[in-house]
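The letter at position 75 of the sequence shown is residue 75 when you use UniProt numbering, and the numbering goes up by one with no holes.
Beta carbons are placed, not taken as given, at the ideal position from N, Cα and C, and that holds for glycine.
Notes to accompany the following structure.
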Amino acid sequence: MVLEVALIDVLAGQEEAFEASYLLAREQIEKAEGARSIRMTHGIERPTRFVLLVEWDSVEAHERFRASEAFGVWRGHIGPHFANPPLVEHYADVTG
């Protein structure tokens, strides 16, 4: 399992519109093969910053989603609110 972490900065004044767009679009990820969970958080100190957290079976599962038509739908909903391109990285659990 890998965790996708995306730092998303939205245009000032579009925070509520971005949240509404996310709620419409999240099903694109929820139904994607290899997606386990999705969560969006909203910055307190920086209200234009959101953090998307998606658990995937693998980086490859995420890449397959990014190459899919569903990604275009997802990005079409949330992309117009971006102040700049999101910073997206993958993380793995630390195990002992």
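Measure the C-alpha to C-alpha separation of residue i and residue j and round it to an integer number of angstroms.
{"i": "G79", "j": "D93", "result": "29 Å"}
{"i": "G96", "j": "V88", "result": "26 Å"}
{"i": "L3", "j": "V54", "result": "6 Å"}
{"i": "S58", "j": "L7", "result": "19 Å"}
{"i": "E15", "j": "T48", "result": "6 Å"}
{"i": "F65", "j": "S37", "result": "14 Å"}
Any idea what DSSP makes of residue i, helix, strand or coil?
{"i": "R39", "result": "strand"}
Taking its Cβ as the centre, do 16 or more other Cβ atoms sit within 10 Å of residue i, making it buried, or is it exposed?
{"i": "A61", "result": "buried"}
{"i": "Y91", "result": "exposed"}
{"i": "L52", "result": "buried"}
4 or more residues per run - each alpha helix (DSSP H) lying fully within the UniProt domain "ABM" (2-91): The UniProt domain "ABM" (2-91) contains, as complete alpha helix (DSSP H) runs of 4+ residues, the segments 15-30, 59-66, 69-78 (chain order).
At least three beta-carbon pairs within less than 8 Å, the region 16-33 to the region 65-79: Three or more Cβ pairs drawn from the region 16-33 and the region 65-79 lie within less than 8 Å of each other, which places the two stretches in contact.
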